[in-house]
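Residue numbers (UniProt numbering): 1 to 438. From the three backbone atoms N, C-alpha and C, an ideal C-beta is built for every residue, glycine too. Presented below is the structure to which this report refers.
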Amino acid sequence: MSTGEFDIIVIGAGVAGGVFAASQPAGTRILVVERDLSEPDRIIGELMQPRGIQALNELELGHLLEGIDAQEVNGYNLIKGNERFIIKYDEVQKGIKGVGLRNGKFLTNIRKELEKRENITVVQGNVTQILQENNAIVGVSYTQEDGTNVSQYAKLTIVCDGPMSLLRDKLSKVNKKVTSYFMGLVLKDLELEFPSYGHMIVTGDFPILVYPIHTNAYRILIDYPGGKAPKMGKESIERLKESVVKVLPQEMIGSFLKAMDEDELKVMPNHSMKNQAFRMKGAVLLGDSLNMRHPLTGGGMTATFSDILCLNGELAGIDFRDETKLESAVNEYYKNRGKDVETINILANALYEVFTDGELKEACFEYLQKGGEQATGPLSILSGINRDKQFLLKHFFKVAMQHPVRFITKPAKQIRLYKNATRIIRPILKDEGVSAMI
Ligand SMILES: Cc1cc2nc3c(=O)[nH]c(=O)nc-3n(C[C@H](O)[C@H](O)[C@H](O)COP(=O)(O)OP(=O)(O)OC[C@H]3O[C@@H](n4cnc5c(N)ncnc54)[C@H](O)[C@@H]3O)c2cc1C
Numbered sequence: 001m002s003t004g005e006f007d008i009i010v011i012g013a014g015v016a017g018g019v020f021a022a023s024q025p026a027g028t029r030i031l032v033v034e035r036d037l038s039e040p041d042r043i044i045g046e047l048m049q050p051r052g053i054q055a056l057n058e059l060e061l062g063h064l065l066e067g068i069d070a071q072e073v074n075g076y077n078l079i080k081g082n083e084r085f086i087i088k089y090d091e092v093q094k095g096i097k098g099v100g101l102r103n104g105k106f107l108t109n110i111r112k113e114l115e116k117r118e119n120i121t122v123v124q125g126n127v128t129q130i131l132q133e134n135n136a137i138v139g140v141s142y143t144q145e146d147g148t149n150v151s152q153y154a155k156l157t158i159v160c161d162g163p164m165s166l167l168r169d170k171l172s173k174v175n176k177k178v179t180s181y182f183m184g185l186v187l188k189d190l191e192l193e194f195p196s197y198g199h200m201i202v203t204g205d206f207p208i209l210v211y212p213i214h215t216n217a218y219r220i221l222i223d224y225p226g227g228k229a230p231k232m233g234k235e236s237i238e239r240l241k242e243s244v245v246k247v248l249p250q251e252m253i254g255s256f257l258k259a260m261d262e263d264e265l266k267v268m269p270n271h272s273m274k275n276q277a278f279r280m281k282g283a284v285l286l287g288d289s290l291n292m293r294h295p296l297t298g299g300g301m302t303a304t305f306s307d308i309l310c311l312n313g314e315l316a317g318i319d320f321r322d323e324t325k326l327e328s329a330v331n332e333y334y335k336n337r338g339k340d341v342e343t344i345n346i347l348a349n350a351l352y353e354v355f356t357d358g359e360l361k362e363a364c365f366e367y368l369q370k371g372g373e374q375a376t377g378p379l380s381i382l383s384g385i386n387r388d389k390q391f392l393l394k395h396f397f398k399v400a401m402q403h404p405v406r407f408i409t410k411p412a413k414q415i416r417l418y419k420n421a422t423r424i425i426r427p428i429l430k431d432e433g434v435s436a437m438i
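Below is the structure:
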């Protein structure tokens, strides 16, 4: 392949890189370099929120969810001890739902789509270097399966090498934090009262999620708080089993114990990372390599598709030979992307902290249990359809302030609740609503 054959090089055919490449106009010449093109079996990116599906449709790629036995998700079943209630996505009335899927099957659909496009070349290779000339990124160097190194050049390099990105440090100030770990298994033969719902279990000190991913299979994600990975020795596994059984609803225990014996327990770190890109000519970060939030609310893919819509909007109609226009398109993307993802990020990071603070968790559960707008309002933010930050903050503070009379009857507890809510939200808000470019 000759130098300058491509307009765009995409690093990583994951959720971000794959969907971005597939959503480009037919005339844009694209090279996608993916480290491993085989179908992955991973526990990330398996619940797509309604706005994610809507955005995928806007990108004219809604069909990528077909033929993979994806399961509809109509809302959440919240469970705390013996108390439980469901909240349906408001959008379900308009036919907009969430979906549970196997991430590997979705990625295979995306990659098949790329193979169909004449303007896209997909190669398997490990990108080892982003090539720089005169303060601009001009392409990539990658190692092929047979060990040979190849360099390729393009006007724009889209860096989508995911949560564990090794390439982002050239292009951004990396301030990644591991907030907790998710341990995942597949539960089979579950008899649930609300099979087409995500189940959020907040009975114990750590939240647990259960949602359908294909016929007769549910993903369980068990949170392991803190920045240290869980130990996987025999004794630790036994302790884990005991602590999960204590808090899991009765109808899930048999299936969980069977899965512990038969399935491989997969572990993934849950990061949060604010967007802080350096402006580097010829390159742009997209997906988890740019910005991450806690996966409790399943917002990562939705945020990624919003970013793709934003970047595509800025790139629309641009002649890739016009470097000035290309640069200004990337600048505008960095400047504007935040407004469509900030509520997803704020809710994800704040809700995780709320669920790990006993008193705030109680208050949140009680608030949502009231139903009506107090339940569907916050869920509309979680679904990604409602992106009104003031609306999110109104509900966030109403959780802490739902019993103002307690400032008189139980002042110490009420003040603590309010202070803790403020302590949680303040740094999270500081990280959002700012340009991604520093
Ligand atoms: C435990 C967990 C659960 C999650 N659950 C959900 C959920 O339910 N719903 C949701 O919306 N989001 C969820 N997320 C977040 C979501 O998975 C991510 O936001 C999304 O996958 C980001 O897409 P990406 O393309 O940036 O990364 P990825 O999808 O990981 O893609 C990165 C790609 O780059 C490739 N790559 C990496 N390095 C190189 C290299 N050097 N050269 C070539 N290729 C390379 C990788 O092989 C991979 O294919 C979860 C995250 C975690 C950690």
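Since I believe residue j is in contact with residue i (beta carbons under 8 angstroms), could you give me their beta-carbon distance rounded to a whole number of angstroms?
i           : j           : result
residue 180 : residue 225 : 5 angstroms
residue 47  : residue 198 : 6 angstroms
residue 308 : residue 19  : 6 angstroms
residue 39  : residue 107 : 7 angstroms
residue 201 : residue 207 : 7 angstroms
residue 305 : residue 65  : Actually they do not touch by this definition, with Cβ atoms about 12 angstroms apart.
residue 347 : residue 385 : So it is not a contact: roughly 12 angstroms between Cβ atoms.
residue 437 : residue 331 : 7 angstroms
residue 281 : residue 235 : Their Cβ separation, rounded to whole angstroms, is 54 angstroms, which puts residue 281 and residue 235 out of contact at 8 angstroms.
residue 183 : residue 101 : Between residue 101 and residue 183 the Cβ distance is about 20 angstroms, and since that is not below 8 angstroms, they are no contact.
residue 187 : residue 252 : 7 angstroms
Grab me the residues of residue i's own chain with a C-beta within less than 6 angstroms of its C-beta, minus the 5 sequence neighbours each way, in chain order.
i           : result
residue 1   : The predicted position of residue 1 is uncertain, since its pLDDT is 39 and thus under 50; no value can be drawn from it.
residue 122 : 32 and 114
residue 177 : 272
residue 428 : 346, 349 and 350
List the endpoints of the continuous beta strand (DSSP E) containing residue i.
i           : result
residue 126 : 120-133
residue 141 : 136-144
residue 172 : First-last for residue 172: undefined, no H or E at that position.
residue 151 : 149-159
residue 8   : 6-11
Since residue i sits in a beta bridge, which residues does DSSP pair it with?
i           : result
residue 266 : 184
residue 440 : Here the chain comprises residues numbered 1 to 438, so residue 440 is not present and cannot be evaluated.
residue 197 : According to DSSP, residue 197 bridges with nothing at all.
residue 285 : 159
residue 34  : 124
residue 221 : 184 and 209
residue 178 : 271
residue 401 : Its beta-bridge partners do not exist; DSSP assigns none.
residue 214 : 217
residue 47  : 100
residue 277 : 172 and 437
residue 292 : 273
Excluding sequence positions up to five away, which residues of its chain have a Cβ less than 7 angstroms from the Cβ of residue i?
i           : result
residue 194 : 77 and 86
residue 3   : Confidence at residue 3 is low in this model, with a pLDDT of 48, below 50, so its placement is unreliable and the value that follows should be read with caution. Closer than 7 angstroms at Cβ, skipping near neighbours: 153.
residue 378 : 368 and 395
residue 74  : 88, 89, 92, 97, 196 and 197
residue 387 : 340 and 343
residue 312 : 23
residue 12  : 34, 160, 161 and 162
residue 6   : 29, 30, 31, 152 and 154
residue 120 : 21, 30, 32 and 114
residue 166 : none
Assuming residue i is part of the alpha helix (DSSP H), what are its boundary residues?
i           : result
residue 421 : 411-431
residue 247 : 234-247
residue 315 : 300-315
residue 26  : First-last for residue 26: undefined, no H or E at that position.
Keeping to the same chain, check which residues put their C-beta closer than 8 angstroms to that of residue i; ignore five residues upstream and five downstream.
i           : result
residue 260 : 185, 237 and 241
residue 321 : 155
residue 355 : 202, 207, 296, 361 and 364
residue 229 : 181, 267 and 269
residue 140 : 9, 11, 33, 127, 129, 130, 131, 151, 152 and 157
residue 413 : 359 and 406
| query | If you scan the stretch 51-111 from start to end, which runs of the beta strand (DSSP E) of 3 or more residues do you find wholly inside it? | reply | Secondary structure remark: continuous beta strand (DSSP E) runs of at least 3 residues inside the stretch 51-111, in chain order: 71-73, 75-80, 83-88 and 98-100.
| said: Please give me, in chain order, every unbroken run of the alpha helix (DSSP H) with length at least 4 that falls completely inside the stretch 336-398. | reply: Runs found: 338-355, 358-369 and 373-382.
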